[in-house]
Amino acid sequence: MESKDNIIKLKVEIQDEEIRLSHYLKNVAQCSSRFTRKAAREGRIKVNGENVRLSYMLKNDDIVELQINRKEEQDIIPEKMDLDIIYEDDDIIVVNKPKGIVVHPTKRHLNGTLSNGVLYYFNDKNENSIVRLVNRLDMDTSGLVLIAKNAYSHMALSRDMQKDDFVKKYLAIVHGNLNEDSGVIDKPIYRVGEGTLKRVIDERGQRSITRFKVVEQYKNASLVELTLETGRTHQIRVHLSSIGYPIYGDSLYGEEEPQYIDRQALHAYKLQIPHPKDGKILKLESDLPEDMKNLIRKLSEK
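When we follow full-length UniProt numbering, the leftmost residue of the sequence shown carries the number 1, and every step to the right adds one.
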């Protein structure tokens, strides 16, 4: 696969004499049906430089070109915001989200969200991109948020999230000293009801897997690295609470009156992804925020 500016080029390598274009895009290029239909309707798919129908029969060594649509609009209010941008190119942007900010607008939060700020940033740069969130964080969880700048990148990243080379790691400060240095929490998570945010461990829920590794131990507290194999709402918070090590500051799943920190001490600090255009592995990290560093200092003094 080659890429240049707004064009993705795919060289057809097949054993059969011919293969239908639609079949190739779905099963070989792994494009979603929705993406393929929209691109075809807008004339953004070519073979050997010519516009063709999805029924076109491809031959070995044909060149399939996908043109990325960058002229899109979104029903979000652009809002100027200081963004901590960790990485950016033509296809993705990774932002270090602070605590206390929602990632996208809701009925309760129409303004002041990360998406409002990113859309303003795109508009200010005269980019036609819209905000396509690849991962999301709770309001009071800080750390790396990955955003795709176009439909193709979003599709490719969403598809690759289940692959081994797509890695999301977090750091959490928890109550207690874990009995094991590392392990796996494999417990189903279930939403209690439509009117509540809270999740519980329940056999009716979806299978959820979190890997943990102790980084440091303090007096009756630990710094733990966590790796998500699934991405359920509140997964890390629910899992750690379920094994008796709730996160400091987590009033929903642990402390009734949080100590030393005014939010859950959870930070998405590491992201490893295959780039949507060329598949090359991109590794990004974010330092612990000051409030978590201060918490560690206080716990170390006890």
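A virtual CB, placed ideally from N, CA and C, is assigned to each residue, including glycine. Being a predicted model, the structure only gives us computed values, none of them experimental.
{"Asked": "Cβ shell of Tyr-218 (< 6 Å), same chain only, five flanking positions each side left out", "Found": "Leu-299, Ser-300"}
{"Asked": "Rounded separation between Ile-14 and Gln-67 - CA only", "Found": "22 Å"}
{"Asked": "Cut-off 8 Å between Cβ atoms - residues of its own chain near Asn-294, not counting five sequence neighbours on either side", "Found": "Tyr-260, Ile-261"}
{"Asked": "Beta-carbon gap between Val-145 and Val-224 smaller than 8 Å", "Found": "no"}
{"Asked": "Which residues DSSP lists as bridging His-267, in chain order", "Found": "Ser-142, Leu-171"}
{"Asked": "Proximal residues to Glu-229 (C-beta, below 8 Å), its chain only, five neighbours per side dropped", "Found": "Ile-209, Thr-210, Arg-211"}
{"Asked": "Segment contact flag, the region 178 to 188 with the region 121 to 136, C-beta cutoff 8 Å, min 3 pairs", "Found": "no"}
{"Asked": "Same chain, Cβ closer than 6 Å to Thr-113, five either side skipped, listed in chain order", "Found": "Val-102, His-104, Pro-105"}
{"Asked": "Beta-bridge partners of Ala-221, as assigned by DSSP", "Found": "His-175, Tyr-218"}
{"Asked": "Outcome for residue 305 when other beta-carbon atoms lying within 10 angstroms are tallied against a minimum of 16", "Found": "Outside the shown range of the chain (1 to 302) lies residue 305, about which nothing can therefore be said."}
{"Asked": "Start and end residues, beta strand (DSSP E) containing Pro-182", "Found": "It should be noted that the sequence gives Ser, not Pro, for residue 182. Ser-182 -> beta strand (DSSP E) spans 182 to 186."}
{"Asked": "Given Leu-54 as reference, the closest of Arg-41, Asp-75, Leu-21, Lys-26 once Cα atoms are compared", "Found": "Leu-21"}
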